[in-house]
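Trainee: One structure, as structure tokens, below. Some questions next.
2 protein chains.
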Amino acid sequence: MYGLACRGSEGGARSILTEPFDAEEFRKHAHRMVDFIADYHRDIETFPVRSQVEPGYLKKLLPESAPDEPEALEDILNDVQSKIVPGITHWQSPNFFGYYPSNDSTAGFLGDMLSGGFGIVGFSWIASPAATELEMIVLDWLGKLLQLPNEFLSSGKGGGVIQGTASEAVLVVMLAARKRAVEKLTKDQGISEFEALGKLVAYTSDQAHSCVNKASQIAGISLENLRLIPTDASTNYSISPEILAKTVAADVRGGLVPFFLCGVVGSTSSAAVDPLSELGDICKEYGMWFHVDAAYAGNACICPEYRPHLNGVEKADSLNMNPHKWLLTNFDCSTLWVKDPTLLVAALSTNPVFLRNKQSDNNLVVDYKDWQIPLGRRFRSLKLWMVMRMYGSTGLRAYIRNHCNIAKHFEELLRTDSRFEIMAPRSFSLICFRLRPRANDPDKGYSLNAKLVEALNSDGNILITHTVLGGLYTIRLAIGGVHTKLQHVDAAWEVIKSQASNLLNE
Amino acid sequence: MYGLACRGSEGGARSILTEPFDAEEFRKHAHRMVDFIADYHRDIETFPVRSQVEPGYLKKLLPESAPDEPEALEDILNDVQSKIVPGITHWQSPNFFGYYPSNDSTAGFLGDMLSGGFGIVGFSWIASPAATELEMIVLDWLGKLLQLPNEFLSSGKGGGVIQGTASEAVLVVMLAARKRAVEKLTKDQGISEFEALGKLVAYTSDQAHSCVNKASQIAGISLENLRLIPTDASTNYSISPEILAKTVAADVRGGLVPFFLCGVVGSTSSAAVDPLSELGDICKEYGMWFHVDAAYAGNACICPEYRPHLNGVEKADSLNMNPHKWLLTNFDCSTLWVKDPTLLVAALSTNPVFLRNKQSDNNLVVDYKDWQIPLGRRFRSLKLWMVMRMYGSTGLRAYIRNHCNIAKHFEELLRTDSRFEIMAPRSFSLICFRLRPRANDPDKGYSLNAKLVEALNSDGNILITHTVLGGLYTIRLAIGGVHTKLQHVDAAWEVIKSQASNLLNE
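In order, the protein sequence lines correspond to chains A and B. Residue numbering for the first sequence follows the UniProt record's numbering, starting at 1 and increasing by one per position. Residue numbering for the second sequence follows the UniProt record's numbering, starting at 1 and increasing by one per position.
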């Protein structure tokens with residue numbers, strides 16, 4: 001169809017595609033790709049976890065321009081194996097303990113395939129009704145697993161939506177909060193919207209994810225008007241309601257207008273949990289939008305024993321958590337629930353003539369385009385639906401508990417070796433620790449531990465990352481990979497001990 | 001692993017998954033899904049193009065909560081077939097002529113599979129070097145196919161990046177432009193950043209995509225300060241440089257500060273093309289950021305005969321086009337090139353301690369997290385790479401030309417029937433037309449043509465959408481589906497003529 005002579009006809013992945021999408025050519029080639037990916041996962045432990053390449057490595061290996069003529073899949077897969085795989089840091093490796101996990105799974109992958117196969121763009125209900133309706137339903141399902149109040153569900157005037165990432169979730173609710181606050185201020189005080197914007201103050205913990213900072217930059221909230229409330233070990237790095245209340249009161253006395261608080265359930269550095277209920281009371285007192293970012297730890301809250309960490313969420317306006325982190329749903333899938341979606345729509349709606357339709361004009365349907373930054377959107381609810389069905393809530397809870405149990409086991413191992421210390425209490429599957437510094441270490445163990453992390457990552461057996469807690473360099477071991485089992489954490493402990501011995505003997 | 005007894009062991013897709021990601025279980029189930037998707041595409045013409053369901057249909061068919069216990073893929077696929085497919089509007093159908101196309105392809109799908117299989121999150125170079133480096137390389141490849149000036153490529157201080165959608169591309173460049181303009185104003189005039197923000201004015205055509213409006217809302221540019229320059233048939237709905245220049249000059253005289261212009265190559269309503277070179281001169285005169293949105297028509301510009309539509313792009317600061325529309329790259333893939341990425345980074349960078357690393361700290365690498373709204377990002381360059389390799393630039397050009405030829409053929413058919421009129425000249429693969437209104441039609445053919453569109457979409461043979469041009473209801477027939485061939489457009493013409501006859505005989 002695309003005007004080329006058919007050059008290969010031996011069939012299979014060695015042939016050249018003769019059509020951009022012929023069902024039988026697709027079938028053959030996609031089967032080949034399934035096997036390639038299955039083999040990759042089967043062999044994943046054979047690769048160094050962190051890529052060992054140097055900056056610019058790939059430019060030397062690939063041509064400077066696209067080829068004129070079509071190439072066969074098998075030739076491309078050879079390049080993938082020899083040129084791409086060495087540049088990959090293997091997030092799906094059972095020995096990847098960096099950042100927070102990002103879960104691939106069989107069910108999530110199947111759902112993504114199906115989404116790609118349908119190839120719809122579900123900006124409005126009319127553009128593919130099933131995409132909007134399934135998303136509403138599965139967000140209700142997941143909201144119920146989290147025991148969210150009915151106000152967050154479609155049965156209670158609220159609703160859920162899938163965003164790409166927590167960054168986008170936080171941004172859209174901040175924009176909704178900004179809109180509400182600016183409108184109130186311009187009306188109450190008769191000032192311009194820019195004067196109003198200049199008065200708005202947002203709050204979050206100094207442990208919050210950098211996406212709150214980024215959302216503020218994008219929303220035009222001056223960084224001077226973003227308060228990162230300092231935390232320390234005395235509250236296990238969670239926000240102190242007293243300090244927050246004092247800060248807010250001082251801002252109000254200074255003529256500023258508190259409009260947004262992002263509370264954290266499971267901070268990026270140490271999985272700290274803010275006291276939601278107390279924060280909610282402060283937000284209510286000042287009329288602030290209360291958002292809860294539970295990107296990582298929210299996943300654990302599908303288990304009744306972890307659900308208390310979400311207590312107080314009933315006082316929030318919105319909540320996000322990322323099933324792509326730790327609930328077996330391939331990236332990207334960040335779920336956001338809001339109590340009043342009309343505020344999102346007010347901040348984000350556009351209604352161009354080329355998208356108008358009877359169902360939207362008559363308010364019979366939800367159009368998710370108005371709940372998000374982009375217009376277009378994939379059919380991402382399919383993967384979340386398949387994950388919930390193929391594992392069942394029993395299976396999902398068992399998955400979370402298994403990782404938390406392994407983390408507890410690692411914590412116990414750490415306690416057996418007095419060279420190490422734990423830097424923050426463990427609540428979920430993240431352990432923060434470090435090598436105790438030598439006496440009179442001028443940088444308090446910073447470079448010692450930085451060297452340990454670099455040594456571990458360089459030899460490729462495991463990947464871990466770091467943070468800083470209370471000014472001290474801290475090693476993070478985040479457990480939650482789809483292939484990670486007890487044996488991998490035991491092996492990680494052995495290499496950590498061994499590298500520590502090497503360093504301490506230097 | 002996740003704690004369940006293995007309930008099914010007959011193998012294949014009827015069994016229950018015993019692990020969240022076992023390579024062999026994955027292999028079996030993914031092969032089954034490949035066949036499901038191949039069959040869907042094989043049979044795609046058997047479905048009504050536009051879903052025929054009513055709002056709320058799916059809630060009646062699915063349970064209210066997630067299942068406790070795992071279910072088998074085959075049961076889920078039965079539900080997909082019986083409950084989801086009826087709610088799908090089949091964007092990949094050869095008879096889908098609505099909006100603009102959104103191309104699935106074999107190569108694009110394979111690339112997406114591979115991206116999902118690796119499951120990396122490439123926010124920084126270090127997080128998977130191959131993801132960043134391949135993206136830089138394939139954006140250079142595509143930039144060369146578009147004959148972009150070297151300043152837009154990595155070899156010339158510029159560079160490309162994959163965004164999810166054109167909405168995000170336009171937003172990030174507007175944020176970069178805002179940052180630059182606000183800093184200049186606060187410095188030059190000694191005013192606050194909020195006063196500065198209140199002076200900024202953005203410009204685009206009234207034919208521009210609604211995403212420019214949305215980006216302005218998000219960036220805090222008052223809608224009063226977004227000028228939608230009126231266009232009409234006299235310029236084929238492209239911006240008149242004279243009107244733009246006058247509008248800008250009047251704003252400057254009024255104490256406002258022009259900071260951003262979005263020119264359009266291929267408008268959403270009629271694929272109008274703005275005169276880039278003249279617009280670029282105006283932007284230069286006033287120090288405005290000049291962005292070019294070529295989401296749809298930019299794809300055609302890989303063919304030398306369409307490239308003149310991009311003439312003047314050398315005067316732009318940035319350009320986006322969407323390979324997911326018409327270049328066989330599965331959604332989402334919107335490519336953005338900028339001449340000076342440091343301005344993007346200045347507007348969007350955050351540098352939290354938990355992401356710091358040697359390569360980034362030493363400026364040895366690009367970290368795409370600072371070129372986009374989200375932090376996390378998929379390995380989307382794989383699909384664009386596979387598309388360029390598996391079809392070759394020869395194949396991609398043939399693909400575009402084929403659709404444009406079919407569109408020319410449809411235009412000729414239209415001209416044979418005097419009941420119809422063409423509403424705007426055809427430059428690419430979009431045809432804008434309508435039924436001529438009856439004499440003395442009080443609404444000038446609006447309801448007549450709206451009825452025609454509804455009749456066509458309701459019977460399910462084809463899907464088309466509408467717009468309004470110069471106040472007149474206009475039918476859009478956009479050709480560019482991966483399965484669309486000449487015979488489908490011939491058949492569409494027959495049903496259009498037939499429905500028109502029905503309506504006119506009423």
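Heads up, the beta-carbon is just placed ideally off N, CA and C, and yes, glycines get one too. If you're wondering where the values come from, they're calculated on a predicted model, not measured in any experiment.
#1: Are the CB atoms of B/L310 and B/C283 within a distance shorter than 7 angstroms?
#2: Starting from B/R227, trace the beta strand (DSSP E) in both directions and tell me its first and last residue.
#3: Does the segment 30 to 47 of chain B touch the segment 466 to 477 of chain A, meaning 3 or more C-beta pairs lie closer than 8 angstroms?
#4: Locate the beta strand (DSSP E) running through B/M321, then write down its first and last residues.
#5: So is A/M486 buried or exposed if we call it buried at 16+ other beta carbons inside 10 Å?
#6: Spell out the partners DSSP gives A/L486 in its beta bridges.
#7: Go ahead and pull the three-state DSSP assignment for B/G164.
#8: Just the C-alpha distance for A/P437 and B/D361, rounded to the nearest angstrom, thanks.
#9: Out of A/D140, A/P101, A/M136, A/L110, state which residue places its alpha-carbon closest to the alpha-carbon of B/V121.
#10: Mark A/E494 as exposed unless 16 or more other C-beta atoms lie within 10 angstroms of its C-beta, in which case mark it buried.
#11: Note down, in chain order, all residues in the segment 327 to 342 of chain B with a beta-carbon under 8 angstroms from any beta-carbon belonging to chain A.
#12: Determine the closest residue to A/F433 out of A/S270, A/G143, A/I422, A/L343, with distance taken between C-alpha atoms.
#13: Kindly list, in the order they appear in chain A, the residues whose Cβ is closer than 7 angstroms to that of B/S167.
#14: For B/I243, which residues does DSSP report across the bridge?
#15: Is it buried or exposed, B/A492, if we count other Cβ atoms within 10 angstroms and call 16 or more buried?
#16: Helix, strand or coil: how does DSSP classify A/R401 here?
#17: So is B/S238 buried or exposed if we call it buried at 16+ other beta carbons inside 10 Å?
#18: So, helix, strand or coil for B/N502, using DSSP?
#19: If you draw a straight line from the alpha carbon of B/A181 to that of A/E285, how long is it in whole angstroms?
#20: Is it the case that the segment 156 to 172 of chain A contacts the segment 223 to 232 of chain A, given that we only count it when at least three CB pairs across the two stretches are under 8 angstroms?
#21: Would DSSP call B/T465 helix, strand or coil?
#22: A/N449 to A/L435, Cα distance in whole Å?
#23: In the DSSP output, which residue or residues are listed as bridge partners for B/P258?
#24: Quick check: the Cα distance between B/R27 and B/D75, rounded to an integer number of angstroms?
#25: Count Cβ pairs between the segment 133 to 151 of chain A and the segment 346 to 362 of chain B that sit closer than 8 angstroms; are there 3 or more?
#26: Determine the DSSP secondary structure at A/T18, reduced to helix, strand or coil.
#27: For the alpha helix (DSSP H) containing A/F109, list its first residue and its last residue.
#28: Please check if any C-beta of chain B sits within less than 7 angstroms of the C-beta of A/G119.
#29: Can you name, in chain order, every residue of its own chain whose Cβ lies under 6 angstroms from the Cβ of A/P230, other than the five neighbours on each side?
#30: For A/E151, would you say it is in contact with chain B, using Cβ-to-Cβ distances shorter than 7 angstroms as the test?
#31: Alpha carbon to alpha carbon, how far is B/D293 from residue 508 of chain A? Give it in angstroms, no decimals.
#32: Can you tell me which of the three DSSP states A/Y473 falls into?
#33: Taking the beta strand (DSSP E) that A/S334 falls in, what are its first and last residues?
#34: Comparing C-alpha positions only, which one of B/G280, B/S105, B/L319 sits nearest to B/P94?
#35: Alpha carbon to alpha carbon, how far is B/R397 from B/K83? Give it in angstroms, no decimals.
#36: With 9 angstroms as the limit, tell me which residues of the segment 343 to 354 of chain A have their beta carbon closer than that to any beta carbon of chain B; keep them in chain order.
Mentor: According to the structure data:
#1: no
#2: 226 to 229
#3: Contact between the segment 466 to 477 of chain A and the segment 30 to 47 of chain B is absent: fewer than 3 CB-CB pairs across the two stretches fall below 8 angstroms.
#4: 318 to 321
#5: As written in the sequence, residue 486 of chain A is Leu, which differs from the Met given in the question. It counts as exposed.
#6: Answer is none; A/L486 lacks a bridge partner.
#7: coil
#8: 25 angstroms
#9: A/P101
#10: exposed
#11: L328, N330, F331, D332
#12: A/I422
#13: Chain A residues near B/S167: I373, P374, L375.
#14: DSSP output for B/I243 lists no bridge partner at all.
#15: buried
#16: helix
#17: buried
#18: In the three-state reduction of the DSSP assignment, B/N502 falls in the helix class, which pools H, G and I.
#19: 37 angstroms
#20: Too few Cβ pairs lie closer than 8 angstroms, so no.
#21: strand
#22: 6 angstroms
#23: B/V201
#24: Near 18 angstroms, if we compare the C-alpha coordinates of B/D75 and B/R27.
#25: no
#26: In this structure, A/T18 counts as coil in the three-state DSSP scheme.
#27: 106 to 118
#28: So, interface residue.
#29: Here the set comprises D206.
#30: no
#31: The first residue shown for chain A is 1 and the last is 506, placing residue 508 of chain A beyond what the model contains.
#32: strand
#33: Going by DSSP, A/S334 is part of the beta strand (DSSP E) stretching over 334 to 338.
#34: B/S105
#35: 38 angstroms
#36: Considering only beta carbons, the part of the segment 343 to 354 of chain A lying closer than 9 angstroms to chain B consists of A347, L348, S349, T350, N351, P352, V353, F354, in chain order.
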